[in-house]
Amino acid sequence: MITRALAHRRGALLLFGVAALIPVFVRDAYFLDSLVLILLWGALSAAWNVAGGYAGQVSIGHAAFFGIGAYSAALLGTRFQQSPWLGMLVGVALSLVAGGAIGYLSNRLKGPYFALSTIAFSQVLLIVASRWRAFTSGSEGIPVPFRPGFASLGLGHVAWVYLALAVAVLYWGVQVWLEHSRFGYRLAGVREDEDAAQALGIPARRLKVIAVMTSAALTSVCGTLWAQYIGFVDPFYVFSVDLSVRFALNAIIGGMGTALGPFLGSILITSLETYLRATLSGVQSGFTGIYLIVYGTVLILVVRFFPDGLAGLAARLRARWARAHA
Amino acid sequence: MDPARRLGPAQIDVFAQLGVSTVLLGGIYALIAVGLTLIFGIMRVVNFAHGEFLMLGMYLAFWAFTLLSLDPWFVLFFSIPIFFGVGLVTYALIMKGVIHASHNVQIFTTVGLSTALQNVALVLWSGDFHTVRPWHASTPIRLAGTAFNLSQVVAFVIAIALTVLLVAFMRWTHTGRVMRATAQDRDAAILMGIDTDQVYRLTFAIGIAAVGAAGVLVSPLYAVYPTAGLQFVLLSYVVVVLGGLGDMVGALIGSLIVAAVEVAGSYFFGTAWKEIFYFVLFIAVLVFRPAGLFGQRGAETLGA
Amino acid sequence: MSAPAPLLTLEAVTKRFGGLTAVREVSLQVQPGDLLGIIGPNGAGKTTLFHMISGYYPPDEGRVTFDGRDITGQPAHAVSRLGLTRTFQIVKPFGNLSVLDNVMIGALTRRSSTRAARTDAERVIDICDLGRHAAARARALPLALRKRLEVARALATQPRLLLLDEVMAGLNPTELIAMVALIRRLHANGLTLIVIEHIMAAMMRLAQRIVMLHHGEKIAEGTPREITSDRRVIDAYLGEEFVLADA
Numbered sequence: 001m002i003t004r005a006l007a008h009r010r011g012a013l014l015l016f017g018v019a020a021l022i023p024v025f026v027r028d029a030y031f032l033d034s035l036v037l038i039l040l041w042g043a044l045s046a047a048w049n050v051a052g053g054y055a056g057q058v059s060i061g062h063a064a065f066f067g068i069g070a071y072s073a074a075l076l077g078t079r080f081q082q083s084p085w086l087g088m089l090v091g092v093a094l095s096l097v098a099g100g101a102i103g104y105l106s107n108r109l110k111g112p113y114f115a116l117s118t119i120a121f122s123q124v125l126l127i128v129a130s131r132w133r134a135f136t137s138g139s140e141g142i143p144v145p146f147r148p149g150f151a152s153l154g155l156g157h158v159a160w161v162y163l164a165l166a167v168a169v170l171y172w173g174v175q176v177w178l179e180h181s182r183f184g185y186r187l188a189g190v191r192e193d194e195d196a197a198q199a200l201g202i203p204a205r206r207l208k209v210i211a212v213m214t215s216a217a218l219t220s221v222c223g224t225l226w227a228q229y230i231g232f233v234d235p236f237y238v239f240s241v242d243l244s245v246r247f248a249l250n251a252i253i254g255g256m257g258t259a260l261g262p263f264l265g266s267i268l269i270t271s272l273e274t275y276l277r278a279t280l281s282g283v284q285s286g287f288t289g290i291y292l293i294v295y296g297t298v299l300i301l302v303v304r305f306f307p308d309g310l311a312g313l314a315a316r317l318r319a320r321w322a323r324a325h326a
Numbered sequence: 327m328d329p330a331r332r333l334g335p336a337q338i339d340v341f342a343q344l345g346v347s348t349v350l351l352g353g354i355y356a357l358i359a360v361g362l363t364l365i366f367g368i369m370r371v372v373n374f375a376h377g378e379f380l381m382l383g384m385y386l387a388f389w390a391f392t393l394l395s396l397d398p399w400f401v402l403f404f405s406i407p408i409f410f411g412v413g414l415v416t417y418a419l420i421m422k423g424v425i426h427a428s429h430n431v432q433i434f435t436t437v438g439l440s441t442a443l444q445n446v447a448l449v450l451w452s453g454d455f456h457t458v459r460p461w462h463a464s465t466p467i468r469l470a471g472t473a474f475n476l477s478q479v480v481a482f483v484i485a486i487a488l489t490v491l492l493v494a495f496m497r498w499t500h501t502g503r504v505m506r507a508t509a510q511d512r513d514a515a516i517l518m519g520i521d522t523d524q525v526y527r528l529t530f531a532i533g534i535a536a537v538g539a540a541g542v543l544v545s546p547l548y549a550v551y552p553t554a555g556l557q558f559v560l561l562s563y564v565v566v567v568l569g570g571l572g573d574m575v576g577a578l579i580g581s582l583i584v585a586a587v588e589v590a591g592s593y594f595f596g597t598a599w600k601e602i603f604y605f606v607l608f609i610a611v612l613v614f615r616p617a618g619l620f621g622q623r624g625a626e627t628l629g630a
Numbered sequence: 631m632s633a634p635a636p637l638l639t640l641e642a643v644t645k646r647f648g649g650l651t652a653v654r655e656v657s658l659q660v661q662p663g664d665l666l667g668i669i670g671p672n673g674a675g676k677t678t679l680f681h682m683i684s685g686y687y688p689p690d691e692g693r694v695t696f697d698g699r700d701i702t703g704q705p706a707h708a709v710s711r712l713g714l715t716r717t718f719q720i721v722k723p724f725g726n727l728s729v730l731d732n733v734m735i736g737a738l739t740r741r742s743s744t745r746a747a748r749t750d751a752e753r754v755i756d757i758c759d760l761g762r763h764a765a766a767r768a769r770a771l772p773l774a775l776r777k778r779l780e781v782a783r784a785l786a787t788q789p790r791l792l793l794l795d796e797v798m799a800g801l802n803p804t805e806l807i808a809m810v811a812l813i814r815r816l817h818a819n820g821l822t823l824i825v826i827e828h829i830m831a832a833m834m835r836l837a838q839r840i841v842m843l844h845h846g847e848k849i850a851e852g853t854p855r856e857i858t859s860d861r862r863v864i865d866a867y868l869g870e871e872f873v874l875a876d877a
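Chains as they are written, first to last, in the working numbering: chain Z, 1 to 326; chain R, 327 to 630; chain A, 631 to 877.
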């Protein structure tokens with residue numbers, strides 16, 4: 001575990017260092033926008049990873065927490081003129097409750113059934129959000145007002161890059177902490193073999209709930225940030241299964257259960273998306289479809305042939321290099 | 327035009343209507359779920375893409391109807407071998423590799439398949455909502471104060487017939503027995519010389535054929551669009567869990583229960599909230615009776 | 631001579647599965663420093679007994695008292711925290727983690743810092759002679775080492791009472807000798823043990839007292855010599871007079 005973490009630190013330092021330096025040299029809004037998205041998606045996948053990779057609770061419904069965060073900020077902002085930071089807190093509180101419920105389910109349901117229940121949960125929220133005209137403006141969604149200033153998260157591109165970077169580093173740090181802390185070690189035991197973990201004095205059920213709740217809260221925070229960044233909350237997007245899959249996808253491609261994996265995956269996928277969007281910009285629905293077909297196919301291939309993801313690949317290459325130069 | 331409205335409220339006996347609705351709907355759900363419970367029960371694999379094959383069946387009916395003016399009932403007979411073939415190909419390309427893999431691999435493989443299939447439909451045929459309107463979709467049937475259209479009734483009859491055929495196949499043919507043996511104990515089956523790969527291939531193909539046929543059958547009843555399968559996926563799983571993994575008769579009964587919940591729920595609260603009913607029912611069953619209503623092998627054994 | 635308070639007491643512990651009574655009113659006592667052996671044919675209820683003692687599932691009837699405390703029906707993790715740890719008959723290593731990590735997770739039951747846990751773990755790994763494999767992934771280990779890992783991991787929780795469930799099954803003679811020596815050492819250092827075993831040669835060398843279970847009932851209890859000359863034990867399990875070859 002230690003050597004892997006150190007290696008990550010080198011890689012992470014490189015990655016985050018480069019990200020921090022980019023706004024100094026690059027001023028192109030489009031490029032900076034891509035960078036913000038890479039960092040946010042990476043953070044979201046890192047949040048998912050806490051439950052999925054480290055606790056072994058694979059959820060395909062994390063969009064539920066994302067949407068809660070997005071809606072909290074949007075609703076508090078438009079209806080009550082509150083700062084999005086307050087919205088973020090409210091979102092976190094709600095997501096902790098929702099996360100607790102999902103965590104409870106994780107103790108009752110095994111793998112695929114748990115995944116199914118998370119999908120169902122996110123879809124219920126989608127229905128509620130898209131039909132509750134009075135409160136959430138229903139299916140039209142909520143435009144998020146832009147009020148300049150840090151308190152209202154109305155920021156310029158460069159500021160967003162650094163905010164997103166701060167969140168990304170923080171979430172990366174949470175994962176690294178999981179790899180070194182007592183909590184994280186015991187969680188790994190629960191993930192590997194719940195019965196054996198219990199027999200060693202680990203309250204497995206409690207740990208799982210804590211992990212899921214943490215994951216939920218972290219996801220919610222990013223939901224708030226994203227809503228403020230993009231400026232619009234569409235229920236059919238923020239609660240969608242496709243979105244949930246994407247959180248998992250980045251982590252899987254990059255390496256589930258590794259700290260840097262979600263960010264590696266995000267770099268690959270988000271860049272791919274940006275590229276496809278640029279190339280196929282003429283064909284509207286055609287673009288969305290192809291992009292998701294690629295997602296689906298990549299998911300199938302990676303999960304079957306590269307289960308350790310990019311991080312695992314890197315580790316294997318590193319090991320081979322080390323052996324060759326021993 | 328909704329036959330119930332044409333006839334006028336005074337002539338519709340609400341409870342009879344609800345009851346028959348339940349039965350008709352239940353039959354269709356049974357056909358969808360029976361394929362899933364087979365795949366579950368015998369292969370112990372969750373197929374998140376099940377709804378997408380239903381969607382493909384709907385599209386098959388749509389294109390056959392639009393381009394070739396073929397009635398869905400006619401297309402049905404071809405759809406069975408077509409989707410059987412689709413099942414064989416999908417098994418060989420995708421499912422075969424993940425049968426012995428971990429749950430996570432199975433989940434993400436079939437989720438990936440689901441995403442890919444939805445979007446293949448989107449790219450090829452656009453996201454527009456289509457409808458299949460053969461003559462029987464607006465032919466009213468009136469019986470004892472209830473009103474339905476012919477499509478619903480025939481869909482029900484054919485669905486039940488196919489399901490019964492499937493049950494008979496599983497119960498009375500040698501192949502069916504072999505399949506059930508594999509479901510009960512994979513290792514013992516191997517020791518008995520059963521080629522489990524063949525069994526799985528056949529199981530999956532049958533399951534997909536059933537759900538593809540169901541798609542063709544329901545095409546006159548629901549709108550056809552790339553994500554049309556989603557609404558059926560969750561309820562299929564509720565049915566399967568209610569009835570017990572691999573229990574086809576259980577799937578029949580489970581379908582009726584789910585249909586009843588949906589019909590009653592829609593009547594009292596409106597159709598918008600039916601996903602919520604499924605969710606509540608789903609969670610309730612899994613939390614309180616994961617072994618299904620009949621105490622058969624259920625959710626806990628999915629970990630085998 | 632008054633005996634010190636028993637460490638573990640089972641009173642008429644019973645477990646039923648549907649119509650089958652897997653364990654029927656089994657009572658026994660274990661004093662601190664004992665090494666108790668449990669023998670019996672497959673299906674006799676030995677592992678079921680361990681499950682109930684360790685909290686894997688609760689008994690239907692009866693009481694389990696550990697260190698003066700009633701632990702009947704307590705969940706496994708609580709029981710382990712109290713100082714009663716068990717191993718599994720079919721070993722359950724944390725496959726993707728290293729041997730060191732595996733044992734550390736055991737040590738973390740008692741330690742709040744990973745550094746202290748690592749020191750503990752390294753010591754235990756030494757005791758169990760796994761030092762050479764500390765960095766290896768658990769699932770890459772052959773069975774004999776996995777069994778030793780199972781013991782090491784349980785040991786790291788600093789138990790007062792350790793339940794070993796058939797740790798010798800599947801070991802070749804050399805590995806057997808090593809495992810017997812390990813258990814002997816642990817016992818000599820003051821650990822109280824209950825050991826389920828089929829390998830009578832090992833059992834005879836280790837156990838001070840042996841309990842025999844048959845069809846869920848305790849049908850005999852005594853010293854190794856007494857047990858091996860007990861008619862019921864011979865009929866139900868041993869099959870013939872088992873004569874100790876050495877002293």
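Beta carbons are placed, not taken as given, at the ideal position from N, Cα and C, and that holds for glycine. Note that the coordinates shown come from a computational prediction; the quantities given were computed from them, not determined experimentally.
Are the beta-carbon atoms belonging to residue i and residue j less than 8 Å from one another?
i                : j                : result
Gly383 (chain R) : Ala539 (chain R) : yes
Phe442 (chain R) : Ile293 (chain Z) : Phe is not the amino acid found at residue 442 (chain R); the sequence shown has Ala there. For Ala442 (chain R) and Ile293 (chain Z), yes; Cβs fall inside 8 Å.
Arg246 (chain Z) : Val431 (chain R) : no
Arg205 (chain Z) : Leu612 (chain R) : no
Pro23 (chain Z)  : Gln228 (chain Z) : no
Ala531 (chain R) : Ser440 (chain R) : no
Phe267 (chain R) : Ser545 (chain R) : In the structure as shown, chain R starts at 327 and stops at 630, and residue 267 (chain R) therefore has no counterpart that could be examined.
Pro723 (chain A) : Glu780 (chain A) : yes
Thr739 (chain A) : Leu200 (chain Z) : yes
Val566 (chain R) : Gly555 (chain R) : no
Asp697 (chain A) : Leu712 (chain A) : yes
Thr363 (chain R) : Gly502 (chain R) : no
Given that a residue counts as buried once 16 or more other Cβ atoms are within 10 Å of its Cβ, and exposed if not, what is residue i?
i                : result
Pro772 (chain A) : exposed
Pro407 (chain R) : exposed
Phe680 (chain A) : buried
Leu488 (chain R) : buried
Phe379 (chain R) : buried
List the endpoints of the continuous alpha helix (DSSP H) containing residue i.
i                : result
Val729 (chain A) : Val729 to Ala737
Ile668 (chain A) : First-last for Ile668 (chain A): Leu665 to Ile669, but that is the beta strand (DSSP E), not the alpha helix (DSSP H).
Glu805 (chain A) : Pro803 to Ala818
Per DSSP, which residues does residue i bridge with? Please list them.
i                : result
His844 (chain A) : A:Glu847
Asp795 (chain A) : A:Ile826
Glu641 (chain A) : A:Arg693
Ile142 (chain Z) : Z:Val233
Arg646 (chain A) : A:Thr651
Which first and last residues belong to the beta strand (DSSP E) in which residue i is found?
i                : result
Phe474 (chain R) : Thr472 to Asn475
Gln659 (chain A) : Leu650 to Val660
Leu469 (chain R) : Pro466 to Leu469
Thr499 (chain R) : No beta strand (DSSP E) holds Thr499 (chain R); DSSP gives it neither H nor E.
Arg716 (chain A) : Leu714 to Arg716
I need the straight-line Cα distance from residue i to residue j, nearest angstrom please.
i                : j                : result
Ser684 (chain A) : Pro705 (chain A) : 8 Å
Val537 (chain R) : Leu517 (chain R) : 32 Å
Ile68 (chain Z)  : Leu218 (chain Z) : 12 Å
Lys848 (chain A) : Met505 (chain R) : 43 Å
Gly296 (chain Z) : His456 (chain R) : 25 Å
Arg27 (chain Z)  : Gly154 (chain Z) : 18 Å
Val128 (chain Z) : Gly100 (chain Z) : 20 Å
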